[in-house]
Each structure stands twice: as structure tokens, then as C-alpha cells.
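Going left to right, the sequence shown walks through residues 299 to 732 as this note's numbering numbers them. No residue lacks a Cβ here, since even glycine has one placed at the ideal position from N, Cα and C. What follows is a set of notes on a single structure, which appears directly below.
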Amino acid sequence: MSPELIGVIGIIVLLVLLFLKVPVSISLIFVGTAGFGIIRGFDTGLIQLGNTPFGTASSYSLSVIPLFILMGMILSYSGLGQDLFRMVDSWIGHIKGGLALTTIGTSAIFASISGSVNATTAAMARITLPEMKKYNYKPAISTASVAAGGTLGILIPPSVILILYGVMTMEPIGDLLIAGIIPGIVQVGLFMLVISLWVRKDPDAGPQTEKSDWKTRFKSISKVWPFAILFVVSIGGIYLGIFTPTEAGAVGAFGALLLALITRRIDLDKLKKALSETTRLSAMIFLILIGADIFSKFLAISRIPMNITAFINGLDWSPIIIISMILVVYLILGMFLETIAILAMTLPVVYPIITQLGFDGVWFGVIMIIVMNIGLITPPLGLSVYIISGVMKEYAVEKIFRWVVPMLAAMVFSIVLFLIFPQFITILPSLMRG
């Protein structure tokens, strides 16, 4: 068999394993090692399997991952989400649809701390859904706001997924983290616009609540401002060139621990859970990256990425048509597979095409994440929807999928906007580079 045919068979086997729920890392390692062995000899394949784990895991750039995860876990276990919700609610909760707007705003802030879709969605579902139910919000608007807000978790920095993209493509991690800020703010604005139009059309969907006095508002700020400073210092330090991403992660993790201890938000039991969860997630991500490295080397010797790039370069098609087709493929994949699995499987093939077409790698990383985010609230995978249904069991999954359609429209609109005006994504990294 030709190397190209072996590569195609390897991709098919990988997809089958993923659909059979075999762990992503194991699937990548198995297919990559077996394919490499078939093409170059099994002795060479086993040598590759022996050398790659250390070579990948010892990379300095990967040290940023456990640091930002630890920062997010400490703050998550410190109960910050509840205080964030109370703060935002005290300022805007009294207007029509205010609690739904508060959910979006709180999700954006919490996402900037946790960097995780699952953590953001689960926290907001537990905190905000009972509150909106208490004030007779219709389930449609309450679940839609939580689902949409949760997708911000892998867009607003520090985003673990954007860090992984940077590691896999060698794009500057600092640029990627900063690039997610404006798109995140734009999506927050669009989600809030959808809610405002929703309650204007159906006033009963989001009734008004009582207005907080100024004393309550300022008291709510006093509980969260230290953590806001922590975010500004860590992410702002990257933008200003004071910290590298790894140094910013270290400052953020240490600062989060220090603040949590000073404010007595965390005890020994919660700290153990935060450390345990950080270790588990970091190990999972590192193993996936090892598998992705092995799989990408297998694809490289199969010559599939090179041949696909040459084929696309020979087409007399506009680059915008090609990039649109690639994004549609990512949209479809996002409906069936986890984000990390998609990155590991596709970037060895897609990234060379993107650079050959002249697109900015940082821009593509951010817009690709936004496209795959749609899969988090669409069937059949719809992870965020299943998390919401798990928290509020009286809301059927099928209904939630219907209720989030207006938010999907906002996400699609933002993708079109960023395709037409890539400066929304690239302006902050370009300013940071001077």
C-alpha cells in the first residue's frame, strides 16, 4: 500500500475509535504508532513511541497549562461564581431580562478565570437557573443564556484550548490569549442583544426583579475586585510584555491561592480537590498532546498534508471560499467530537493549508474555536446542553436544543463578522507586538 492510502486508513480508524468512545489520547497513540510502523517499520514505530512522550511533555511551553488550570480550579472551588453573580445582578438584574443578562455577564467573567466550558456551564447552571426559576423566568430564556454563556469558557483568556492550539501549531501563545478578548466581548454583546430583543417580544420571558440600592452594589464589588485585579495583572502582564504566558500562569495561580487563603474562601479539603482536579486535567491534556504529536508525525510521513496542500493550491478558488469550506467542516465535526480531539486530528492537515493561503494563524485559531463552540450547544454532542439538563433535570435535552436557536444565530453572525473584519481578532496581538 502507498503511504497516502495507509494515512487515509489511519484517519478512518481514528474516527471509528473516537466514535466508539475510546479515549482520545489512546486512539491517537495507537493509530499514530501503528501507522508509523507500517510505513517505516515497527522497530522505528516503537522507537518513535519511546522518544515522543519525553520530547513532548518536557516542552517549556506546556508548563503554562497546569498553571492556568490550577488558577481556575482554586478560584472555582473558592465559591467566586456565586459572588460574581450577585455583583452583576445588583447592577443590571432589575431590568427586563436582567437575570439572563446577568448570567451572560457572569459567565464572561467566570470564563476569564476558569478557561473551561464545562466549569463555566456547570457553575452558572447551578447558580443562575434556580435564581431565574425563583423569579418566574421562562425555561427557554434561562437555559439559552446559560448555554450561550458557557461557550465563552474557551474563548476569553486564559483559554486552555487556545493554548493547546498554540502548542500544536507553534503560534505565539501570548498572541492567541490576547486575541480572544475582543471576540469574547463581541459575543457577550450579541448574546445580550438577543436577550433584550427576546424580552421585548415576550415580556413575560424575563420579568423584572427588585432594584438593589447603592450600598448593596458597592458591597458586592468589594467581594470580587481582588480577583478582577488578578486577571488584569496576569493577562495584562502578557499584553504589556511584562510576563511570558508561563510566568503569567504562575503569577495567576499563586495570586489565586494567596487571595483565597487571605479571604478564607478555601480550606484544606477544597485545596486538595483543586490540586487533584488540576493534576487529572493536566495529565489528560499532556497525554493527548503526546498522542497528537505521534499522530501528526505519522500523517507527515504519509504525505497526506503535503498532497492536500498542493491540491488546494492548484485550485482556482478564492481563499475565502476555501476557508469557508474548512470552517463548515469544523462546524460539522464540532457536532460529533470533542474540541481537543478535533484539534489533534485536523491541525496537521489544515494548518499548512491556512498558512499557504496567507491567512493569519492566530486569527484562524480564534475563529476556528468559535465555530467549534457551536457544537457545544447543537445535537448530537451538545455537551453544554447535557450539563444544563443534568443540573436541572426537569428541562428535557430536546427542548433545550430548541431554546438555544436564537443564541446560535448570534454565534453564526459573529463568525461572519470576523470573516469580513479579521481586525476584530488581530488588532490586539498586533498592538502587543508593537
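Have a look at isoleucine 327 and glycine 333 and give me their C-alpha separation to the nearest angstrom. Within the sequence shown, the letter at position 29 stands for residue 327. Within the sequence shown, the letter at position 35 stands for residue 333. Distance between the alpha carbons of isoleucine 327 and glycine 333: 10 Å.
Determine the direct distance from the alpha carbon of isoleucine 390 to that of leucine 642, and round the result to whole angstroms. As a first step, residue 642 must be located in the sequence shown, where it is residue number 344. As a first step, residue 390 must be located in the sequence shown, where it is residue number 92. Here the sequence assigns alanine to residue 642, which means leucine is not the residue at that position. Looking at the two C-alpha atoms, the distance is approximately 41 Å.
Measuring CB to CB, does valine 329 end up less than 8 Å from phenylalanine 593? Reading the sequence shown from its first residue, position 31 is the one you call residue 329. Reading the sequence shown from its first residue, position 295 is the one you call residue 593. Their beta carbons are under 8 Å apart, which means valine 329 touches phenylalanine 593 by this criterion.
Using only CA atoms, which one of Tyr358, Gly335, Leu360 and Ser359 lies nearest to glycine 348? For the purposes of this step, residue 348 is identified with residue 50 of the sequence shown, where counting begins at 1. Closest option to glycine 348, Cα to Cα, is Gly335.
Quick check on this structure: which residue in Gly478, Ile621, Lys691 and Ile718 has the alpha carbon closest to the alpha carbon of serine 728? Locating residue 728 in the sequence shown gives position 430, where the first residue counts as 1. Out of Gly478, Ile621, Lys691 and Ile718, Gly478 has the C-alpha closest to the C-alpha of serine 728.
Secondary structure at methionine 299, three-state DSSP: helix, strand or coil? As a working mapping, residue 299 is identified with position 1 in the sequence shown. In this structure, methionine 299 counts as coil in the three-state DSSP scheme.
Would you please state the rounded distance, in angstroms, between the beta carbons of proline 704 and tryptophan 512? I believe it to be under 8 Å. In the sequence shown, the residue the question calls residue 704 occupies position 406. In the sequence shown, the residue the question calls residue 512 occupies position 214. Wrong, their Cβ atoms sit about 34 Å apart, outside the cutoff.
With a Cβ-Cβ cutoff of 8 Å, do leucine 460 and glycine 482 count as a contact? The residue given as residue 460 occupies position 162 in the sequence shown. The residue given as residue 482 occupies position 184 in the sequence shown. No, Cβ-Cβ distance for leucine 460 and glycine 482 is not below 8 Å.
Just curious, the alpha helix (DSSP H) that alanine 694 is in, first and last residue? Along the sequence shown, one-based indexing puts residue 694 at 396. Counting along the chain, alanine 694 falls outside any alpha helix (DSSP H), and DSSP gives it neither H nor E.
Assuming the contact rule is C-beta atoms closer than 8 Å, leucine 462 and isoleucine 583 should be a hit. Round their C-beta distance to whole Å, please. Position 164 of the sequence shown, counted from the start, is the residue given in the question as residue 462. Position 285 of the sequence shown, counted from the start, is the residue given in the question as residue 583. Correct: roughly 7 Å between the Cβ atoms.
Leaving out five residues before and five after leucine 645 in sequence, what residues of the same chain have Cβ atoms less than 7 Å from its Cβ? Taking the sequence shown and counting its residues from 1, the one referred to as residue 645 is at position 347. Around leucine 645: Met466 and Thr467.
Compare the C-beta of methionine 468 against all C-beta atoms of chain B and say whether one is closer than 8 Å. Within the model displayed, chain B is absent; a lone protein chain is all it includes.
Would you please state the rounded distance, in angstroms, between the beta carbons of valine 683 and valine 695? I believe it to be under 8 Å. Position 385 of the sequence shown holds residue 683. Position 397 of the sequence shown holds residue 695. So it is a contact: roughly 6 Å between Cβ atoms.
Evaluate serine 300 with the Cβ neighbour count: other Cβ atoms within 10 Å of its Cβ, from every protein chain shown; 16 or more gives buried, anything less gives exposed. Translated into positions along the sequence shown, residue 300 becomes position 2. Classification of serine 300: exposed, given that the 10 Å Cβ count is below 16.
Identity of the residue in Pro351, Leu312 and Ile638 nearest glycine 673 by Cα: To locate residue 673, count along the sequence shown from 1; it is residue 375. Of the candidates Pro351, Leu312 and Ile638, the one whose C-alpha sits nearest the C-alpha of glycine 673 is Ile638.
Inter-residue CB distance, threonine 426 and aspartate 591 (contact presumed, cutoff 8 Å): Counted from its first residue, the sequence shown places residue 426 at position 128. Counted from its first residue, the sequence shown places residue 591 at position 293. Wrong, their Cβ atoms sit about 40 Å apart, outside the cutoff.
Say whether the region 393 to 410 touches the region 434 to 449, bearing in mind that this needs 3 or more beta-carbon pairs closer than 8 Å, one atom from each stretch. yes
What does a CB cutoff of less than 8 Å around phenylalanine 722 pick up in its chain, not counting 5 residues either side in sequence? Here residue 722 is taken as the residue at index 424 of the sequence shown, counted from 1. These residues qualify, in order along the chain: Ile480, Pro481, Val484, Leu715 and Phe716.
What runs of the alpha helix (DSSP H), each 4 residues or longer, lie entirely inside the region 419 to 506? 437 to 448, 458 to 467, 471 to 477 and 479 to 499
Considering only their Cβ atoms, is the gap separating aspartate 473 from valine 660 smaller than 8 Å? Indexing the sequence shown from 1 puts residue 660 at position 362. Indexing the sequence shown from 1 puts residue 473 at position 175. Result yes, Cβ atoms of valine 660 and aspartate 473 sit closer than 8 Å.
If leucine 726 and isoleucine 393 are in contact, beta carbons under 8 Å, what's the gap, nearest whole angstrom? Taking the first residue of the sequence shown as position 1, residue 726 is located at position 428. Taking the first residue of the sequence shown as position 1, residue 393 is located at position 95. So it is not a contact: roughly 30 Å between Cβ atoms.
Count the other CB atoms, across all protein chains shown, that sit within 10 Å of the CB of glycine 504; report buried if there are 16 or more and exposed otherwise. Taking the sequence shown and counting its residues from 1, the one referred to as residue 504 is at position 206. Glycine 504 is buried by the Cβ-count criterion.
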